[in-house]
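What follows is a set of notes on a single structure, which appears directly below.
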Amino acid sequence: MSIKRIHRKIFVINRLTKSALYEQKKVILGSLAKNKSNVTLCYLT
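FYI, the working numbering numbers position 41 of the sequence shown as 194, with every residue one higher than the one before it.
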């Protein structure tokens, strides 16, 4: 196995984990925003 191939594999894995983390962050932020609006609605009513 050549070093170039290893580097490419690491690069792909890094990219996959980065996009996965990004998706997770979006989901977490989305649920936080939902909770915030729910709390605001409860507070207003």
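A virtual CB, placed ideally from N, CA and C, is assigned to each residue, including glycine. All of these numbers come straight from a predicted model, not from anything done at the bench.
Do you know offhand how far residue i's Cα is from residue j's?
| i | j | result |
| --- | --- | --- |
| SER184 | LYS162 | 33 Å |
| ILE159 | THR193 | 51 Å |
| LYS157 | VAL180 | 35 Å |
Quick one: what does DSSP say residue i is sitting in, helix, strand or coil?
| i | result |
| --- | --- |
| SER190 | helix |
| SER184 | helix |
| SER155 | coil |
Which residues in the same chain have their Cβ closer than 8 Å to the Cβ of residue i, if we skip the five residues on either side of it in sequence?
| i | result |
| --- | --- |
| THR170 | none |
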